[in-house]
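Per our numbering, the very first residue in the sequence shown carries number 3; after that it's consecutive.
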Amino acid sequence: MSAGLGREARLRELGLWPLWRLRPPKADASLAAETGGPAAEVGEALPADDIAGLDWEELIPAVRACTRCPLAVSRTQGVPGVGDRAAEWLFIGEAPGADEDRQGEPFVGQAGKLLDAMLAGIGLQRGRNVYIANILKSRPPGNRDPKPDEVAACLPYLERQIDLIQPRLIVVLGRIAAQTLLVTDTPIGKLRGHVHKYRGVPMVVTYHPAYLLRSPADKAKSWEDLLLARRTLAALKSGATP
Ligand code: URA
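So, in structure tokens, the structure goes:
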């Protein structure tokens with residue numbers, strides 16, 4: 003077996019990939035009872051290497067119907083993202099919630115309303131020079147935190163989105179998304195206020211809008227983060243390196 007192979011390719015060589023397969027739907031209601039949702043179709047999971055080569059027209063339906071992790075069983079649909087596919091700004095959240103799962107678009111619930119207000123605060127509007135996506139494309143049941151295997155299965159989609167969009171700046175929303183992308187357990191209070199990089203793209207961390215709804219006192223800090231993001235992008239466009 004060649005040493006340069008990725009984990010997925012190595013497991014495939016051993017006949018161990020995909021790691022997880024959907025079971026054929028059970029005839030009775032027991033599956034829905036177990037999973038909280040209807041059975042997804044049985045399907046061969048799309049390999050990460052294939053995701054890296056998808057164009058938008060292939061990526062969107064692949065995400066909507068994705069079966070790369072067990073969340074496919076309980077979610078209504080995969081939620082790819084929304085906005086300008088040539089945007090300078092990319093906002094990345096954690097995972098769809100109940101509203102997003104139903105409507106197929108990120109940040110359409112209460113947190114999304116606050117996100118829209120945050121965008122407006124720095125002169126942005128959903129869909130105009132902004133793309134909004136999540137780390138997980140499928141809703142975790144009960145909005146629990148993403149599991150590492152779900153993140154590993156889903157991240158190739160976000161990576162492909164970043165490669166296709168080629169944003170100038172990423173704003174990552176919330177502790178879990180920030181810690182996942184930066185592969186750290188540093189608290190969000192220490193991650194914010196700095197310009198990081200993700201896949202070579204400058205990235206600013208701020209609080210998740212759902213957290214800000216619960217802790218409005220931190221809105222001022224989030225505003226500072228957005229101003230940092232705006233300054234960083236302005237500096238980039240003027241030719242300065244952040
Ligand atoms: N929270 C997120 O992180 N993403 C959404 O799309 C909705 C709520």
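For every residue, glycine included, the Cβ atom is placed at its ideal position computed from N, Cα and C.
Beta-carbon within less than 8 Å of residue i's beta-carbon, same chain only, minus the 5 sequence neighbours each way: which residues are those?
| i | result |
| --- | --- |
| L175 | F93, I94, G95, E96, L117, T208, Y209, H210 and P211 |
| L230 | G195, V197 and V206 |
| P158 | A50, I53 and A54 |
Relative to the C-alpha of residue i, which candidate in the options has its C-alpha closest?
| i | options | result |
| --- | --- | --- |
| L61 | G99, V81, L171 and V173 | V81 |
| I238 | L160, L171 and A74 | Just to set this straight, residue 238 is Leu in the shown sequence, not Ile. Nearest option by C-alpha distance: L171. |
| W225 | G106, A67 and I124 | I124 |
| Q127 | L214, A54, G85 and R201 | G85 |
| L193 | Y213, I164 and D227 | D227 |
| R233 | I164, P204, P142 and S217 | P204 |
| P108 | R87, A135, A119 and R201 | A135 |
| R141 | R104, N131 and L48 | R104 |
| L166 | L48, L56 and A47 | L56 |
| S76 | G129, P143, W58 and M120 | P143 |
| D147 | R66, L48, W58 and L73 | L73 |
| R162 | A67, I137 and T78 | I137 |
Spell out the partners DSSP gives residue i in its beta bridges.
| i | result |
| --- | --- |
| I134 | V84 and F93 |
| Y200 | V203 |
| Q127 | R130 |
Is it buried or exposed for residue i, if we count other Cβ within 10 angstroms and need 16 for buried?
| i | result |
| --- | --- |
| A29 | The predicted position of A29 is uncertain, since its pLDDT is 38 and thus under 50; a value taken from the coordinates is nonetheless stated next. Classification of A29: exposed, given that the 10 Å Cβ count is below 16. |
| E102 | buried |
| T182 | buried |
| G111 | buried |
| A113 | buried |
| S240 | exposed |
| G83 | buried |
| A122 | exposed |
| V185 | exposed |
| A246 | Here the chain comprises residues numbered 3 to 244, so residue 246 is not present and cannot be evaluated. |
| A88 | exposed |
| K139 | buried |
| R201 | exposed |
| V44 | Unreliable placement is indicated for V44, whose pLDDT of 39 sits below 50; no coordinate value is reported for it. |
| S217 | exposed |
Note down, in chain order, each residue of its chain lying with its Cβ closer than 6 Å to the Cβ of residue i, except the 5 sequence neighbours on either side.
| i | result |
| --- | --- |
| A155 | R70 and C71 |
| R177 | I190 |
Could you tell me the boundaries of the alpha helix (DSSP H) in which residue i lies?
| i | result |
| --- | --- |
| K221 | K221 to K239 |
| I62 | W58 to R66 |
| S76 | L73 to S76 |
| V153 | P150 to I167 |
| D147 | First-last for D147: undefined, no H or E at that position. |
| K192 | I190 to L193 |
| P211 | P211 to R216 |
| D247 | The structure shown does not extend to residue 247, since the chain is modelled only from 3 to 244, so the question has no answer here. |
| Q105 | A100 to Q105 |
Ignore the nearest five residues each way along the sequence and tell me which others in residue i's own chain have a CB closer than 7 Å to its CB.
| i | result |
| --- | --- |
| N145 | G99 |
| L235 | E90, R170 and L171 |
| L214 | L116, D220, K221 and S224 |
| N131 | D86, A89, E90 and W91 |
| A180 | V174, I190, L193 and V207 |
| R25 | Residue confidence is low: R25 scores 45 on pLDDT, short of 50, so the model does not pin down where it sits. No coordinate-derived value is stated. |
Looking at the unbroken beta strand (DSSP E) that takes in residue i, where does it start and where does it end?
| i | result |
| --- | --- |
| P204 | V203 to T208 |
| I172 | L171 to L175 |
With a threshold of 8 Å between beta-carbons, can residue i be considered close to chain D, or not?
| i | result |
| --- | --- |
| A212 | You won't find chain D in this structure, because it holds only one protein chain. |
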